[in-house]
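Colleague:
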């Protein structure tokens, strides 16, 4: 059973990314189990001085949660054509653990936006950051949920558009195959 950690890039309680992440938990294929990871908003800003004094409890719990999964699905908005600060901060904290909990871990990215581009610009920067951590990034197909307000029910955490649901379900099935190709994550 592949444990798929779902990491949300938005800190908002009623975010479209959170809704897509919750929906993903119900779309995973057989042989895959979705695990919600702590929201990055629970973490202090990375500061080497803080780390030098000892790993903060919230960071230690977050790292342990990531170490408990086999693969990651990052569901995120795009902020100013880039990675949301909270998500980047979480990756920065994870990068300080030795050995890295991210190294060789399969990862997929879903971007979510009410706009027409679906958060497309976040993919390149996020992929580069994840590759710097030696993660196994599933680059194709890219998932960009554009016009997400009409495709997701934020309150229920489910997909309301049948075509979008079929695409996401298919993507997760392909990601399960991708994970297995990297050693049966």
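In my numbering, the protein residues as written are 133 to 317.
Even for Gly, the Cβ is constructed at its ideal location relative to N, Cα and C.
None of the values given here were measured: they were computed from a predicted structure.
(1) Report the three-state DSSP secondary structure of residue 167 (helix, strand or coil).
(2) Which of helix, strand or coil does DSSP assign to residue 314?
(3) Have a look at residue 166 and residue 186 and give me their C-alpha separation to the nearest angstrom.
(4) Curious, which full-length beta strand (DSSP E) runs of at least 3 residues does the region 261-299 contain?
(5) Taking residue 229 and residue 206 to be in contact with their CB atoms under 8 Å, please state how far apart those CB atoms are, rounded to whole angstroms.
(6) Are the beta-carbon atoms of residue 151 and residue 289 separated by less than 8 Å?
(7) So, helix, strand or coil for residue 142, using DSSP?
(8) In the DSSP assignment, what are the bridge partners of residue 191?
(9) In or out: residue 171 buried (at least 16 other Cβ within 10 Å) or exposed?
(10) Tell me, which residues are paired with residue 243 by DSSP?
(11) What first and last residue would you give for the alpha helix (DSSP H) that runs through residue 148?
Modeller: Once the coordinates are examined:
(1) Translated into positions along the chain shown, residue 167 becomes position 35. Three-state result, residue 167: strand.
(2) The residue you call residue 314 lines up with position 182 of the chain shown. In this structure, DSSP gives residue 314 a state outside helix and strand, which the three-state scheme calls coil.
(3) For this step, residue 166 is matched to residue 34 along the chain shown. For this step, residue 186 is matched to residue 54 along the chain shown. For the pair residue 166 and residue 186, the Cα-to-Cα distance works out to about 31 Å.
(4) If you keep only unbroken beta strand (DSSP E) runs of at least 3 residues inside the region 261-299, you get 275-277.
(5) One-based indexing of the chain shown puts residue 229 at position 97. One-based indexing of the chain shown puts residue 206 at position 74. About 18 Å separates the two Cβ atoms, so there is no contact after all.
(6) In the chain shown, counting from the first residue as 1, residue 151 sits at position 19. In the chain shown, counting from the first residue as 1, residue 289 sits at position 157. The criterion of a C-beta distance shorter than 8 Å is satisfied by residue 151 and residue 289.
(7) In the chain shown, the residue the question calls residue 142 occupies position 10. Here residue 142 sits in coil by DSSP.
(8) What you label residue 191 is simply residue 59 of the chain shown in a count that begins at 1. BP columns for residue 191 are empty, so no partner.
(9) If you number the chain shown from 1, residue 171 lands on position 39. Buried, by the Cβ-count rule.
(10) In the chain shown, the residue the question calls residue 243 occupies position 111. Residue pairing for residue 243: DSSP places it in a beta bridge opposite 208 and 276.
(11) For the purposes of this step, residue 148 is identified with residue 16 of the chain shown, where counting begins at 1. Per DSSP, residue 148 belongs to the alpha helix (DSSP H) from 148-157.
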